[in-house]
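> Please see the structure below; I have some questions.
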Amino acid sequence: MSDQSTEFLYKYLNNASPTGFESTGQQIWLDYIKPYIEEQIIDVYGTAVGVIGPGQDYKVVIEAHSDEISWFVNYISEDGYIHVRRNGGSDAAIAPSMRVNLHTAKGVVKGVFGWPAIHVREVAKDQVPKVHELFIDVGAAKKDEVLEMGIHVGTVVTFADGLDELNDKYYLGRALDNRMGGYMIAEVARMLHENNVKLPFTLYVVNAVQEEIGLRGAEMISRRLKPDLAICTDVTHDTQSPMYNKKEQGDLKCGSGPVICYGPAVQNNVRDLLIRVAEEKKIPFQRQAVSRSTGTDTDSFAYSTEGVASALISLPLKYMHTTVEMVAKEDVQNVIQLMYDVLLSLKGGEDFRYIK
């Protein structure tokens, strides 16, 4: 990593980019990759694409998604408490006592998810809170005071935690799912530029919006770009910590390398290419099997237009959809290296069909 890429990583990860409101993060991402691309495409919902080697017949995508889980203000009580609903897969279990930012037209308003003290609860009967039981306190005594702050129904709310590092081995924070992916594909673009690589195909570096609510950004941009090949990256679960069942969720570990996925949406010949390159370049990797779908933007690319040869490289991550998501630094670098080496292995014009 260069000093510039480290600075970008922290700026990008610490910025809030909730689903449907990704534009500030997308601007940070575009500003960083601008020296490494020749053109850019931005669609009406905010998916951002850096184009390298435009105008060639064969078209390849590397892709991540830019959005993070969040909350919407759903109701403001007369005594100034704010009730919410999910925007994406936000976890009610972790919300009580968390600090939040409410993003208003007047700027960020700070708040907290309040919760009754342990002294007044029947602890033996404690259960995971339901979303409708959650409330945010912004220090207001009445509804009008909340409204004067610029908060209204539909205001988006994100957790306040930022990026940190742990034991010199891990990145730690919220929204590593999947802005770490946006960082990794940007670094691939940087490496291509700095090494003066001229690819025999057009490369689209795609940072898609709205993955957390159904892979929607990838669905839109895949129809527009109509690529021949798509290599997506997202996070997957590290299953080593307590309360995971390896028999159900697989045996995956932070620090053991990128995860290469097996499943119907993953085109087998593309997957085998990833494995072959990893083995040739001595990049450690792990394998994962999924049922029906990958649950990532890979699915949207695979099944768009007449079908796109697609594969998934996942980054193992601990504690998904919390504010303490963790990824191993060495895994981040190995995902970047694998994507870079795969691109260098392509000649352009590859036909991945099973039957020709």
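For reference, each letter of the sequence shown is one residue, going 0 to 355 in numbering that gives the first Met the number 0.
In this text, a Cβ means the ideal position worked out from N, Cα and C, and glycines have one as well.
1. Just list the alpha helix (DSSP H) runs in the stretch 292-336, keeping only unbroken ones of 4 residues or longer that don't cross its boundaries, in chain order.
2. Return the bridge partner residues of Arg286 from the DSSP annotation.
3. Using three-state DSSP, classify Ser76 as helix, strand or coil.
4. Buried or exposed: Val43, going by 16 or more other Cβ atoms within 10 Å of its Cβ?
5. Taking 6 Å as the cut-off, is the beta-carbon of Gln285 closer than that to any non-hydrogen atom of the ligand FMN?
6. What is the DSSP secondary structure of Asp340, reduced to helix, strand or coil?
7. Would DSSP call Pro34 helix, strand or coil?
8. Skipping 5 residues on each side, what residues in its chain have a beta carbon closer than 8 Å to that of Cys253?
9. Using C-beta distances below 7 Å, list every residue in its chain close to Glu144, excluding the 5 sequence neighbours before and after it, in chain order.
10. Going by the beta-carbon positions, is the gap between Gly203 and Leu228 smaller than 7 Å?
11. Less than 8 Å between the CB atoms is what I'm expecting for Gly45 and Ser22, so what's the real figure, rounded?
12. Go through its chain and collect everything with a Cβ distance to Lys129's Cβ below 8 Å, but skip five positions before and after it.
13. Among Gln285, Arg222, Val334, Glu210, which residue has its Cα nearest to the Cα of Glu67?
14. Count the other C-beta atoms from every protein chain shown that fall within 10 angstroms of the C-beta of Gly49, then say buried if there are 16 or more, exposed otherwise.
15. Could you tell me if Asp176 is buried or exposed, where buried requires 16 or more neighbouring beta carbons within 10 angstroms of its beta carbon?
16. Under three-state DSSP, which class holds Arg98?
17. Less than 7 Å separating the beta-carbons of Gly161 and Ile135?
18. What does DSSP give as the partner residue(s) for Leu171 in the beta ladder?
19. On a Cα-Cα basis, can you pick out the residue from Lys355, Val99, Met219, Gly54 that is closest to Thr201?
20. State the Cα-Cα distance for the pair Tyr182 and Ala174, rounded to the nearest angstrom.
21. For Arg270, which residues does DSSP report across the bridge?
22. Return the CA-CA distance between Val289 and Thr235, expressed in angstroms with no decimal places.
23. For Val205, list the residues DSSP reports as bridge partners.
24. Does Leu8 pass the burial test, meaning 16 or more other C-beta atoms within 10 Å, or should it be called exposed?
25. Please go through the same chain and pick out, in chain order, the residues whose beta-carbon is closer than 7 Å to the beta-carbon of Ile27, but skip the five residues on each side of it.
26. Any chance the stretch 144-154 sits against the stretch 115-128, with 3 or more Cβ pairs inside 8 Å?
27. Rounded to whole angstroms, what's the CA-CA distance from Glu247 to Ala123? Just pull it up for me.
Reading from the atomic positions:
1. Here the runs fully enclosed are 296-301.
2. Position 287 of the sequence shown, counted from the start, is the residue given in the question as residue 286. In the DSSP output, where bridge partners are listed per residue, Arg286 has Ile259.
3. Stepping through the sequence shown from its first residue, residue 76 is reached at position 77. It is coil, neither helix nor strand.
4. Stepping through the sequence shown from its first residue, residue 43 is reached at position 44. Burial check for Val43: the Cβ neighbour count within 10 Å stays below 16, so the residue is exposed.
5. Inclusion of the ligand FMN in the displayed structure is not the case, the ligand content being empty and no account of it being possible.
6. Translated into the one-based positions of the sequence shown, residue 340 becomes position 341. Correct three-state label for Asp340: helix.
7. Translated into positions along the sequence shown, residue 34 becomes position 35. Helix.
8. Taking the sequence shown and counting its residues from 1, the one referred to as residue 253 is at position 254. Beyond the five residues adjoining it in sequence on each side, Cys253 comes within less than 8 Å, by CB distance, of Tyr169, Asp237, Gln239, Pro315, Leu316, Lys317, Met325, Val326, Ala327, Asp330 in the same chain, given in chain order.
9. Counting from one through the sequence shown, the residue named residue 144 turns up at place 145. Excluding residues up to 5 positions away in sequence, Gly79 lie with their Cβ nearer than 7 Å to the Cβ of Glu144 in the same chain.
10. Within the sequence shown, the letter at position 204 stands for residue 203. Within the sequence shown, the letter at position 229 stands for residue 228. In the sequence as displayed, the identity of residue 203 is Tyr instead of Gly. No, Cβ-Cβ distance for Tyr203 and Leu228 is not below 7 Å.
11. Sequence index remark: in the sequence shown, residue 45 carries index 46 (1-based). Sequence index remark: in the sequence shown, residue 22 carries index 23 (1-based). That belief holds up - the Cβ atoms of Gly45 and Ser22 are roughly 5 Å apart, short of 8 Å.
12. To locate residue 129, count along the sequence shown from 1; it is residue 130. Closer than 8 Å at Cβ, skipping near neighbours: Ala91.
13. Within the sequence shown, residue 67 is the residue found at index 68, counting from 1. Looking at the Cα atoms, Glu210 is the closest of the given residues.
14. Position 50 of the sequence shown, counted from the first residue, corresponds to residue 49. Looking at its Cβ environment, which holds 16 or more other Cβ atoms inside 10 Å, Gly49 is buried.
15. Within the sequence shown, the letter at position 177 stands for residue 176. Buried, since its Cβ has 16 or more Cβ neighbours within 10 Å.
16. Position 99 of the sequence shown, counting from 1, holds the residue named residue 98. If DSSP states are grouped into helix, strand and coil, Arg98 belongs with the strands.
17. The sequence position of residue 161 within the sequence shown is 162, counting from 1. The sequence position of residue 135 within the sequence shown is 136, counting from 1. No. Outside cutoff.
18. Position 172 of the sequence shown, counting from 1, holds the residue named residue 171. DSSP output for Leu171 lists Asp163, Met325 as bridge partner(s).
19. For the purposes of this step, residue 201 is taken as residue 202 along the sequence shown, with counting starting at 1. For Thr201, the nearest C-alpha among the options comes from Gly54.
20. Taking the sequence shown and counting its residues from 1, the one referred to as residue 182 is at position 183. Taking the sequence shown and counting its residues from 1, the one referred to as residue 174 is at position 175. Their backbone Cα atoms lie some 12 Å apart in a straight line.
21. Counting from one through the sequence shown, the residue named residue 270 turns up at place 271. Beta-bridge pairing links Arg270 to no other residue.
22. Residue numbering aside, residue 289 sits at position 290 when the sequence shown is read from its first letter. Residue numbering aside, residue 235 sits at position 236 when the sequence shown is read from its first letter. Their backbone Cα atoms lie some 11 Å apart in a straight line.
23. Here residue 205 refers to the residue found at position 206 of the sequence shown. BP columns for Val205 point to Val48, Glu62.
24. Taking the sequence shown and counting its residues from 1, one reaches residue 8 at position 9. By the Cβ-count criterion, Leu8 is buried, with 16 or more other Cβ atoms from all chains shown falling within 10 Å of its own Cβ.
25. Here the question's residue 27 lines up with position 28 in the sequence shown. Taking Ile27 as the centre and dropping the five residues before and after it, the same chain places the C-beta of Lys10, Tyr11, Asn14 closer than 7 Å to its C-beta, in chain order.
26. Counting C-beta pairs with one atom in each stretch, the stretch 144-154 and the stretch 115-128 have fewer than three that are closer than 8 Å, which means they do not touch.
27. Residue 247 sits at position 248 when you count from the first residue of the sequence shown. Residue 123 sits at position 124 when you count from the first residue of the sequence shown. Spanning the two alpha carbons is a distance of roughly 30 Å.
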